[in-house]
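**Student:**
Protein chains: 2
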Amino acid sequence: MTTIYIAEDQEMLNSALSAILELENDFNIVGNATDGKSALSQTTALKPDVAILDIEMPYLSGLEVAQQLRILKQDIKIVILTTFARKKYFEAAVNAQVDAYLLKDSPTDKLVETINKILDGQTIYDSNLVSSILTASKNPLTPQELKIMKEFSQGKTTQEIAESVFLSNGTVRNYISSILSKTGTHSRIEALNIAKKNNWID
Amino acid sequence: MTTIYIAEDQEMLNSALSAILELENDFNIVGNATDGKSALSQTTALKPDVAILDIEMPYLSGLEVAQQLRILKQDIKIVILTTFARKKYFEAAVNAQVDAYLLKDSPTDKLVETINKILDGQTIYDSNLVSSILTASKNPLTPQELKIMKEFSQGKTTQEIAESVFLSNGTVRNYISSILSKTGTHSRIEALNIAKKNNWID
DNA sequence: TAACTGATATGACAAATGTCATAAGAATAA
DNA sequence: TTATTCTTATGACATTTGTCATATCAGTTA
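Protein chains in written order, with this note's numbering: chain A, 1 to 202; chain B, 1001 to 1202.
As structure tokens, this is what we get:
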């Protein structure tokens, strides 16, 4: 019998998954949460064989929960289950040595199958995810430019950005000018729209 | 026996709901789709008793599907199932005379319960939704201001907006100035951030 | 009716934004 | 070693943006 813990903040999916996995003869749902903090404390207490973790949850993200569980060296298989095919998320998941990374854009059969495979020692990364990351138009912005973009995405003015990143006003304007040119735009808002569409920023 | 059709673009939830509702003795899932267009053509063909419609789907939104079904005067109970507690969506749903509006932030039990109630002739609006709409800080922008805001959210410049809405450049600037003052901000980006947080725009 | 709000407009002004040329040091790649 | 890229910076310039005062006209509300 395999014990499973589910952390998913969307109630509908959370309860639906619990019900479905319970139907499998060899699975037993031992608990579930809708936020990361409860998920972490309960998985450490209940020690299930498998934890299914959503990424975007209140208090602690599923990725942070996974990291903690690895730091605690708990013997647990981790499945990250998310809507987002974001490179950043995927990289963090790989670093946390999760056993599977699955998109919610897969049917439940796939989840069951995945759980069985990771119990077998395999590591499963959603193939749609991997290909979508590879085909994603890659970010042409330098780290510094990205940093500046995140600043102005909050609505900060050039001067505020300059102060917050310890650069001169002119340098910040140069970076922005470069961002605009790389995105083929002529204003911060347009640049932000492009960056969001391409998942360069949230 | 009640026949049910499910339209939900997130595969995981779609298949999970199908499986769960199938478990109920008196429910029979007769079809499901992950986009609005198939949902509309199949519900008109299969004539299920109940259609569960997600809002945000490719090609046609669940709300549009609901509208069409009402125009066609098909005898069908409609449940809108969505993540979003947006006033606009809710109003559109009420106008389309849907039988229930449920948030994905409710457990599956609630869905089953809701389906049974609407089959009984009741109309069910998620109580969390209704209260969240009532408490939502209401939009202080006039229709015209909102229109202008949508324009600049696309990154348009004052001049472009002026041309697209047939106003003078100065008038557009006045509107924007008024928007900034109402949102307590000093730049378009800040104003957009506030508006998004409060769901005044998408 | 009087007061208010909304839509529209102009003109003037200060501040912010975006563009360019130019430069220099550091790091990295060829 | 040379070429390229990244980070940082300045100065100058044109344009855009945001603010204010002011005004007219049409509705709506008190």
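By construction, the Cβ of each residue, glycine as well, lies at the ideal position given by its N, Cα and C atoms.
Pull up the DSSP beta-bridge partners for A/TYR89, would you.
**Tutor:** Partner(s): none; A/TYR89 has no beta bridge.
**Student:** Which ranges would you report for the alpha helix (DSSP H) in the segment 100-154 of chain A if only whole runs of at least 4 residues count?
**Tutor:** 108-119, 127-135 and 143-153, all fully within the segment 100-154 of chain A.
**Student:** Indicate whether at least one CB of chain A lies closer than 9 Å to the CB of B/ARG1188.
**Tutor:** Yes - at least one Cβ of chain A is within 9 Å of the one on B/ARG1188.
**Student:** Are A/ILE124 and A/ALA100 close, meaning C-beta to C-beta below 9 Å?
**Tutor:** Closer than 9 Å, so yes.
**Student:** For B/GLU1151, I'd like the list of residues in its chain whose CB is within less than 6 Å of its CB, leaving aside the five on either flank, ordered along the chain.
**Tutor:** Counting only Cβ-Cβ distances below 6 Å, and skipping sequence neighbours, we find ILE1161.
**Student:** So is B/GLU1024 in contact with chain A if we call contact Cβ pairs under 9 Å?
**Tutor:** It does not; no Cβ of chain A falls within 9 Å.
**Student:** Just the Cα atoms here: how many angstroms apart are B/ASP1105 and B/GLU1024?
**Tutor:** Between B/ASP1105 and B/GLU1024, the C-alpha separation is close to 21 Å.
**Student:** Alpha carbon to alpha carbon, what distance is there between B/ALA1093 and A/LYS18?
**Tutor:** At residue 18 of chain A the sequence reads Ser, which differs from the Lys that was named. A/SER18 and B/ALA1093: Cα-Cα distance of roughly 30 Å.
**Student:** If we count the other Cβ atoms within 10 Å of its Cβ and call it buried at 16 or more, is A/ASN174 buried or exposed?
**Tutor:** Counting Cβ neighbours within 10 Å, A/ASN174 comes out exposed, since fewer than 16 surround it.
**Student:** Can you name the start and end residues of the beta strand (DSSP E) that B/ASN1028 belongs to?
**Tutor:** That run of the beta strand (DSSP E) goes 1027-1033.
**Student:** So what's B/LEU1072 in DSSP terms, helix, strand or just coil?
**Tutor:** Looking at B/LEU1072 - three-state DSSP - the assignment turns out to be coil, as it is neither helix nor strand.
**Student:** Do three or more CB pairs link the segment 1172-1188 of chain B to the segment 1141-1148 of chain B at distances below 8 Å?
**Tutor:** Short answer: they touch.
**Student:** For A/ASP35, decide whether its Cβ has a neighbour in chain B, counting only Cβ atoms nearer than 9 Å.
**Tutor:** Taking Cβ atoms only, chain B never reaches closer than 9 Å to A/ASP35, which makes this a no.
**Student:** Let me make sure I understand the geometry here. Which of A/LEU72, A/GLY31 and A/THR114 has the alpha-carbon closest to that of A/ILE80?
**Tutor:** Per the Cα distances, A/THR114.
**Student:** Rounding to the nearest angstrom, what Cα-Cα distance links B/PRO1107 and A/ASP126 in this structure?
**Tutor:** Near 27 Å, if we compare the C-alpha coordinates of A/ASP126 and B/PRO1107.
**Student:** With a cut-off of 8 Å on the beta carbons, I'd call A/ILE78 and A/VAL98 a contact; round off their distance for me.
**Tutor:** Contact holds; Cβ gap of about 4 Å.
**Student:** So with CB distances below 8 Å, who are the chain A contacts of B/ASP1105?
**Tutor:** Near B/ASP1105 (Cβ distances below 8 Å), the residues of chain A are GLN10, GLU11 and MET12.
**Student:** Apart from the five residues on each side of it in sequence, which residues of its chain come closer than 6 Å, Cβ to Cβ, to A/ASN28?
**Tutor:** Answer for A/ASN28: MET1 and THR3, listed in chain order.
**Student:** B/SER1153: buried (16+ other C-beta within 10 angstroms of its C-beta) or exposed?
**Tutor:** By the 10 Å Cβ count, B/SER1153 comes out buried.
**Student:** Counting only C-beta atoms, is A/PHE84 closer than 9 Å to chain B at any point?
**Tutor:** A/PHE84 does not count as touching chain B.
**Student:** Please list, in chain order, the residues of the segment 1144-1162 of chain B that have any C-beta partner in chain A closer than 9 Å.
**Tutor:** Flagged, chain order: PHE1152, SER1153, GLN1154, GLY1155, LYS1156 and THR1157.
**Student:** Are A/LEU69 and A/THR44 close, meaning C-beta to C-beta below 9 Å?
**Tutor:** Cβ atoms of A/LEU69 and A/THR44: closer than 9 Å.
**Student:** Please list, in chain order, the residues of the segment 1114-1133 of chain B that have any C-beta partner in chain A closer than 7 Å.
**Tutor:** Flagged: no residues at all.
**Student:** Helix or strand or just coil, what does DSSP make of A/LYS156?
**Tutor:** In the structure shown, A/LYS156 sits in coil (DSSP, three-state: anything other than H, G, I, E or B).
**Student:** Apply the 10 Å Cβ neighbour rule to B/VAL1130 and answer buried if 16 or more other Cβ atoms are within range, or exposed otherwise.
**Tutor:** With fewer than 16 Cβ atoms within 10 Å of its Cβ, B/VAL1130 is classed as exposed.
**Student:** Compute the distance between the beta-carbons of A/ASP49 and A/LEU111, then report whether it is under 9 Å.
**Tutor:** Not a contact, by the Cβ cut-off of 9 Å.
**Student:** When the distance is taken between beta carbons, is B/LEU1060 closer than 9 Å to B/LYS1037?
**Tutor:** Yes, Cβ-Cβ distance for B/LYS1037 and B/LEU1060 is below 9 Å.
**Student:** What's the C-alpha gap between A/GLY31 and A/ASP54?
**Tutor:** Answer to the nearest angstrom: the Cα atoms are 14 Å apart.
**Student:** For the segment 1175-1199 of chain B, list every residue whose C-beta sits within 9 Å of some C-beta in chain A, in sequence order.
**Tutor:** Under the 9 Å Cβ criterion, the segment 1175-1199 of chain B contributes THR1185, HIS1186, SER1187, ARG1188, ILE1189, GLU1190, ALA1191, LEU1192, ASN1193 and ILE1194.
**Student:** So what does DSSP say about B/ILE1055, is it helix, strand or coil?
**Tutor:** Residue state, collapsed to three classes: coil.
**Student:** Could you spell out where the beta strand (DSSP E) holding A/THR82 opens and where it closes?
**Tutor:** Where A/THR82 is concerned, the enclosing beta strand (DSSP E) stretches over 77-82.
**Student:** Going by the beta-carbon positions, is the gap between A/LYS87 and A/ASN193 smaller than 9 Å?
**Tutor:** Their beta carbons are not under 9 Å apart, which means A/LYS87 does not touch A/ASN193 by this criterion.
**Student:** By how many angstroms is the C-alpha of A/GLU64 removed from the C-alpha of B/ILE1020?
**Tutor:** So the two alpha carbons sit approximately 31 Å from each other.
**Student:** Excluding the 5 residues flanking B/LYS1047 on each side, which residues of the same chain have their C-beta closer than 6 Å to its C-beta?
**Tutor:** Closer than 6 Å at Cβ, skipping near neighbours: no residue.
**Student:** Return the residues of the segment 40-65 of chain A that lie within a Cβ-Cβ distance of less than 9 Å from chain B, sorted by chain order.
**Tutor:** Under the 9 Å Cβ criterion, the segment 40-65 of chain A contributes no residue.
**Student:** Please go through the same chain and pick out, in chain order, the residues whose beta-carbon is closer than 6 Å to the beta-carbon of B/ALA1051, but skip the five residues on each side of it.
**Tutor:** So the qualifying residues of the chain are TYR1005, THR1043, ILE1076 and ILE1078.
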